[in-house]
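*Asks:*
Numbering (this note's numbering), first residue to last: 391 to 899.
#1: Sort 801, 817, 471, 688 by Cα distance to residue 638 and report the nearest one.
#2: Mark residue 579 as exposed unless 16 or more other C-beta atoms lie within 10 angstroms of its C-beta, in which case mark it buried.
#3: Straight-line CA distance for residue 775 to residue 672?
#4: Opposite residue 575 in the DSSP bridges: which residues?
#5: Counting C-beta neighbours from all protein chains within 10 Å, is the total for residue 634 16 or more, i.e. buried, or is it exposed?
#6: By the 10 Å Cβ neighbour count, where 16 or more other Cβ atoms means buried, how is residue 508 classified, buried or exposed?
#7: First and last residue of the alpha helix (DSSP H) that includes residue 426?
#8: Buried or exposed for residue 772, please, with buried defined as at least 16 other CB atoms from any protein chain shown within 10 angstroms of its CB.
#9: Assess contact between the stretch 718 to 734 and the stretch 431 to 440, defined as three or more Cβ pairs (one per stretch) separated by less than 8 Å. Is contact present?
#10: Just curious, the beta strand (DSSP E) that residue 854 is in, first and last residue?
#11: Can you tell me the Cα-Cα spacing of residue 609 and residue 675, whole angstroms?
#12: Assign residue 743 to one of three DSSP states: helix, strand, or coil.
#13: Please report the distance separating the alpha-carbon of residue 556 from that of residue 648.
#14: Given 8 Å as the limit, is there contact between the stretch 618 to 632 and the stretch 478 to 489, that is, 3 or more CB pairs closer than that?
#15: By alpha-carbon positions, which one of 545, 506, 846, 575 ends up nearest to residue 688?
#16: I need the boundaries of the beta strand (DSSP E) containing residue 662, first residue and last residue.
#17: Can you tell me whether residue 452 is buried or exposed? The criterion is at least 16 other CB atoms within 10 Å of its CB, across all chains shown.
#18: Using only alpha-carbon positions, find the residue among 524, 804, 531 that is nearest to residue 568.
#19: Which whole-angstrom value is the C-beta distance of residue 721 and residue 744, which I expect to be below 8 Å?
#20: From residue 857 to residue 658, what distance separates their C-alpha atoms?
#21: If you reduce the DSSP assignment to three classes, tell me which class residue 611 lands in.
#22: What are the boundary residues of the alpha helix (DSSP H) that residue 556 is part of?
#23: Mind checking who residue 748 pairs with in its DSSP beta bridge?
#24: For residue 811, which option in 497, 534, 628, 877 has the closest C-alpha, if you only look at C-alpha atoms?
#25: When DSSP labels each residue in this structure, what does residue 724 get in the three-state scheme?
#26: I need the boundaries of the beta strand (DSSP E) containing residue 539, first residue and last residue.
#27: In angstroms with no decimal places, state the Cα-to-Cα distance between residue 493 and residue 806.
#28: Any idea which residues DSSP pairs residue 830 with across the strands?
#29: So which of 427, 429, 447, 430 has the shortest CA-CA distance to residue 759?
#30: Cα-Cα, which of 764, 786, 787 is closest to residue 777?
#31: Assuming the contact rule is C-beta atoms closer than 8 Å, residue 462 and residue 663 should be a hit. Round their C-beta distance to whole Å, please.
#32: Please name the residue in 670, 855, 575, 854 whose C-alpha comes closest to that of residue 698.
#33: Using DSSP with H/G/I as helix, E/B as strand and the rest coil, what is residue 629?
#34: From 541, 606, 797, pick the residue whose C-alpha is nearest to that of residue 680; which is it?
#35: Find out if the Cβ-Cβ distance for the pair residue 538, residue 562 is shorter than 8 Å.
#36: Which ranges would you report for the beta strand (DSSP E) in the stretch 684 to 728 if only whole runs of at least 3 residues count?
Right under this line is the structure:
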């Protein structure tokens with residue numbers, strides 16, 4: 391459940407910090423080399439202080455100025471168990487930073503003429519259909535990379551959680567309702583993944599191979615991959631960590647292959663620095679054009695408003711796979727953050743008017759450390775001192791997503807509950823077009839629900855009448871979360887899977 395909201399939170403957190411209007415240069419003009427040098431001189435201490443104050447196990451940081459990596463360093467350990475030290479070559483899972491990396495893969499294909507940003511998916515991925523035939527016919531790679539297809543927030547994520555593969559998930563998106571096409575923004579891992587799948591199909595290869603050929607190999611990103619198997623076999627890789635009872639412990643393995651274009655890249659700070667240098671060079675680095683500027687620039691431009699302006703925050707925007715916003719100084723920035731609740735939190739920021747970029751990779755569930763360091767650094771580079779308490783700002787922003795969730799979260803069980811029916815009365819097989827069959831059985835005098843290709847199980851506790859509850863491990867849901875299973879005649883509704891109103895299953899056997 392937390393995984394489904396984090397993407398939106400992360401994009402909103404970064405775009406919430408800027409103000410003013412989009413301009414090509416900040417009001418003070420380019421920052422001086424002296425200002426940037428002073429910021430670089432303080433970056434190590436900032437990173438160490440954040441490591442100490444947050445207690446996170448590991449972090450890796452790189453800064454790029456023009457085409458040159460001017461800072462690259464690791465902190466802490468890859469795992470609290472092995473105590474292996476992090477360095478600038480340590481490989482981390484990037485989570486949603488993968489969206490921006492993948493957008494440059496698509497841009498490279500646009501530059502080659504394989505596709506255009508406005509290529510309809512129906513022409514390259516004809517089996518991908520949405521619930522509205524008119525949208526199916528028109529939706530493009532750009533629409534999907536800008537989260538403006540009409541698919542609702544995090545559509546398809548719950549299918550991944552119960553074991554469906556990428557093709558199965560993309561096919562099942564057909565059952566979901568749509569909001570107005572091209573006028574509504576909803577952050578969707580699998581909508582974007584569909585766009586990438588279409589581009590890979592047009593290129594005649596798979597996404598991981600295409601990414602390697604288009605971006606990783608040309609830039610010399612030898613420690614970067616879009617396959618989980620490559621990350622899993624690295625000897626210098628950061629294990630994900632979660633906070634349990636005040637201590638960081640290794641989290642469960644997170645294989646993001648089903649949404650690889652949206653969250654499946656793994657890389658190091660040094661490798662990401664090469665990619666950032668290419669972005670600062672508008673597609674060209676060290677005289678080599680990796681992406682024509684005309685193909686890259688649409689991705690780095692405002693494509694849709696992701697949040698309307700309010701009394702306290704400016705409007706924010708999304709490009710094709712990039713958050714596009716401004717700093718308080720008015721300088722344009724394009725950026726993205728990523729997170730896995732199983733133990734990854736990452737960010738990068740590029741400020742073209744300063745010819746400067748930073749990437750911060752950590753191996754814990756998100757608490758705002760990467761974003762804090764990035765904004766502290768750019769404050770120093772612009773003003774010589776932090777302009778805001780970024781640590782408090784970002785810890786507060788992310789803290790709200792650690793609140794308990796579920797229909798029964800915080801509720802007190804009835805003192806004298808209405809008895810349930812004999813448990814055998816609830817047992818059976820229940821059908822659902824979107825999620826597939828749900829099996830309900832009685833085991834050890836309790837109802838056990840099994841769902842999805844992975845055989846995901848939920849053991850229920852009686853709550854009241856025909857209502858039961860279950861909890862998830864702390865690594866999957868915040869403490870205090872409690873979810874409802876409600877039987878009514880031949881139907882059962884699982885509130886955890888009811889985000890789209892599709893969480894009701896009908897008994898067939």
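Just so you know, even glycine gets a beta-carbon here, dropped at the ideal spot from N, CA and C.
*Replies:* According to the structure shown:
#1: 471
#2: buried
#3: 29 Å
#4: Beta-bridge pairing links residue 575 to no other residue.
#5: exposed
#6: exposed
#7: 423 to 444
#8: buried
#9: no
#10: 851 to 854
#11: 8 Å
#12: helix
#13: 4 Å
#14: yes
#15: 506
#16: Where residue 662 is concerned, there is no enclosing beta strand (DSSP E), although the alpha helix (DSSP H) it sits in stretches over 659 to 670.
#17: buried
#18: 524
#19: 7 Å
#20: 48 Å
#21: coil
#22: 556 to 562
#23: 453, 739
#24: 877
#25: strand
#26: No beta strand (DSSP E) holds residue 539; DSSP gives it neither H nor E.
#27: 56 Å
#28: 818, 839
#29: 447
#30: 764
#31: 6 Å
#32: 575
#33: coil
#34: 606
#35: no
#36: 694 to 697, 706 to 708, 713 to 716
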